[in-house]
Structures are given as structure tokens and as C-alpha cells.
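In the working numbering, the protein residues as written are 1169 to 1478.
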């Protein structure tokens, strides 16, 4: 069935009403450990997206490596075939966070590839994340696919409204990522239409600087950032450019500072807004990842130091 604009708006209104309905305060489970989560900061903690590292690296080794490299935290990926998979997520998730904390590295974000709030793994990740003080949660990407655009947006809105109710109960915030063009939310304006009536303390953006610049160019990037800024929960640090291959333009990732993102302007805007949420570094432009991670981390820290004053 094709969803009309009227039906979409009716669905949005119903979902928003459900998401904003008063909820009973969640009682923390036995052994509550929220106080061991990250402490508030005045500057953004720089994290590495854990999926950048080989699966052979254990949790303790990962924490030590991130600390040695100079990261403040980790963006912990929960997905099939990842460091934390669905098979033993209940044990692995707790072990991973405790190992990171033991190495002096905070878990600031939990990112997943899941989009259904009915999935037991994603519910478990949100529950454990909230219990152990992880501030931010990022769901997966909703694909447009063959369905009507407005139908897909309505389905995404329904799912996010349910995620918002879970987030309220467990004490975590949701960041929607602006991904590639075949996903809902590649344009910040799509996501804004879907979440603008939801509680801004619960639902906001994982603002991907590289993809936002690719989607809108310099002028569009500035407008998208201005729109998203009050709701940015986390930032993905990525840079990219368009290259022409075989007569077709393709998006290519590159080291930070070598693509379309104006990093001094971007970091300056974050600083003026007093943004202190996590920044997740994602390096998808190099086969030899470790040198690329070091280079991008040094560049990002330099930009943040200049913008935030040291």
C-alpha cells in the first residue's frame, strides 16, 4: 500500500504523541553502575569507532591501544560479526565496557546496525548502555529501497519513537546518523521532519561532517549544521570528495583536511555552541589503518584545540 503525505503526517503525529507521553521512572537494576560512566567535560572527547580495529584484538588490548594512541574514548560497535555480536551480547557488552574503563578509556557511544526496536540485541545494548553510564546510542540506517519514500520515512519515524521510549526508560540519548544517499536521513532535513516533535533530550543527530558536506556542498553544509546544532548528540569525523571514474562521479573518503569539510569553521561552530559530546573518528580511506588513524587523530585534536582554546 502506498502511503500518502496525509497518512505520513498522521503517523508522525501519532508517533510523536506516543514518544512524548509521560513515562514512569525506570528503576535501575541490581548492581547499577551508572556512576562509572564518562564524567562531564567542557570539550568533546575524541573516540575511535571500534569497527576500525581487527576482530582479533580483545577488549583489554583494545582499551590499552586506544589509550596509547591518545583517544579519550571508544564508539563501541554492536553488530553481527563485530567485536560485540548478538550471540553473547549480554556478557560481551559488560566485559567490553569494563575492560575499556579499566584501561582508562570511556565508552561514550554504542553504535549498531540494527533498526528494529523489537530486536532483542538492540534492546539489550540500550539497557546495558544505560545501566553502565554510556551517554549515546546510534541505531542503524533505514534504507529507502523499493518502497515509497514517504512510507519508509513513516516506518522510520515509528521505530525512532519506540527507541525514544526505551531511551527515556534507560537514560540514554539517541543520535540519528546522516549516512549515504540511499538511506533515510542522508539529508538532515529528512531527519528533521521525522524527529522535530520528539523530546530533544532523547533524540537528536549523529552529525557526519563528511557526508553532510558531500550532500549539500559548502552552503548546504552550513544550513544543515545550523539546523542540527541544537540537537547534535554526537559527531562523526569523516572527510571526503567527489572523483570522476569511468565518466561517473563517485564519493571517495580521504584523510581529514583533504576533502570538502571546512574543519576550522566546523570545529569553531561546535565550540561556540559549547558542544561537548563525543566525536567518533572513522577512517575508511586507507588499507593500512593504524598510520591513517594516527594522522587523522592528530589533525582532529589540533583543530579542536584551536577552536576550544587549548
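Glycine included, each C-beta is placed from N, C-alpha and C at the ideal position.
With a 10 Å radius around its C-beta and 16 neighbouring C-beta atoms as the bar for buried, classify residue 1378 as buried or exposed.
Indexing the chain shown from 1 puts residue 1378 at position 210. Residue 1378 comes out buried.
Could you please give me the residues that DSSP links to residue 1217 through a beta bridge?
Counting from one through the chain shown, the residue named residue 1217 turns up at place 49. According to DSSP, residue 1217 bridges with 1243.
Using a threshold of 8 Å, state whether the C-beta atoms of residue 1330 and residue 1362 are closer than that.
Position 162 of the chain shown, counting from 1, holds the residue named residue 1330. Position 194 of the chain shown, counting from 1, holds the residue named residue 1362. Cβ atoms of residue 1330 and residue 1362: not closer than 8 Å.
Here's the rule: buried if 16 or more other CB atoms are within 10 angstroms of the residue's CB, otherwise exposed. What is residue 1236?
As a position in the chain shown, residue 1236 is number 68, starting the count at 1. With fewer than 16 Cβ atoms within 10 Å of its Cβ, residue 1236 is classed as exposed.
Taking the Cβ atom as the reference point for each residue, do residue 1451 and residue 1220 lie within a distance shorter than 8 Å?
Taking the first residue of the chain shown as position 1, residue 1451 is located at position 283. Taking the first residue of the chain shown as position 1, residue 1220 is located at position 52. In this structure, residue 1220 lies closer than 8 Å to residue 1451 by Cβ.
Leaving out five residues on either side along the sequence, give the residues of the same chain with a beta carbon under 7 Å from the beta carbon of residue 1169.
Here residue 1169 refers to the residue found at position 1 of the chain shown. Model confidence at residue 1169 stands at a pLDDT of 39, short of 50, so the residue's coordinates are unreliable; what they give is reported in the following sentence. Closer than 7 Å at Cβ, skipping near neighbours: no residue.
Assess, as a yes-or-no matter, whether the region 1294-1309 is touched by the region 1272-1280 under the definition of 3 or more beta carbon pairs within less than 8 Å.
Cβ pair count under 8 Å is three or more, so yes.
To the nearest angstrom, how far is the alpha carbon of residue 1424 from that of residue 1458?
Indexing the chain shown from 1 puts residue 1424 at position 256. Indexing the chain shown from 1 puts residue 1458 at position 290. Cα-Cα distance, rounded: 14 Å.
Rounded to whole angstroms, how far is the Cβ of residue 1370 from the Cβ of residue 1336, which I believe are closer than 8 Å?
Position 202 of the chain shown, counted from the start, is the residue given in the question as residue 1370. Position 168 of the chain shown, counted from the start, is the residue given in the question as residue 1336. At roughly 6 Å, the Cβ-Cβ gap stays under 8 Å, so residue 1370 and residue 1336 are in contact.
In three-state DSSP terms, what is residue 1419?
For this step, residue 1419 is matched to residue 251 along the chain shown. Strand.
Across which residues does DSSP place residue 1408 in a beta bridge pair?
Within the chain shown, residue 1408 is the residue found at index 240, counting from 1. Beta-bridge pairing links residue 1408 to 1421.
Just checking, does the region 1409-1423 make contact with the region 1384-1395 on the three C-beta pairs under 8 Å criterion?
Short answer: they don't touch.
Where do the ends of the beta strand (DSSP E) carrying residue 1205 lie?
If you number the chain shown from 1, residue 1205 lands on position 37. Looking at the DSSP string, residue 1205 is not in any beta strand (DSSP E), and its letter there is neither H nor E.
At what residue ranges does the region 1300-1343 contain a whole run of the alpha helix (DSSP H), taking only runs of 4 or more?
Here the runs fully enclosed are 1317-1338.
In the DSSP assignment, what residue or residues form a beta bridge with residue 1280?
Position 112 of the chain shown, counted from the start, is the residue given in the question as residue 1280. Answer by DSSP bridge pairing, in chain order: 1246.
With a CB to CB cut of under 8 Å and the five nearest residues on each side skipped, what residues in its chain are close to residue 1427?
As a first step, residue 1427 is located in the chain shown; it is residue number 259 there, counting from the start. Counting only Cβ-Cβ distances below 8 Å, and skipping sequence neighbours, we find 1378, 1381, 1407, 1408, 1409, 1421.
Exposed or buried, what is residue 1223 when buried is set at 16 or more other beta-carbons lying within 10 Å of its beta-carbon?
Numbered from 1 along the chain shown, position 55 holds the residue referred to as residue 1223. So residue 1223 counts as exposed.
What are the boundary residues of the beta strand (DSSP E) that includes residue 1371?
As a working note, residue 1371 is residue 203 in the chain shown. Its beta strand (DSSP E) spans residues 1371-1376.
Can you tell me the Cα-Cα spacing of residue 1209 and residue 1341, whole angstroms?
The sequence position of residue 1209 within the chain shown is 41, counting from 1. The sequence position of residue 1341 within the chain shown is 173, counting from 1. About 17 Å.
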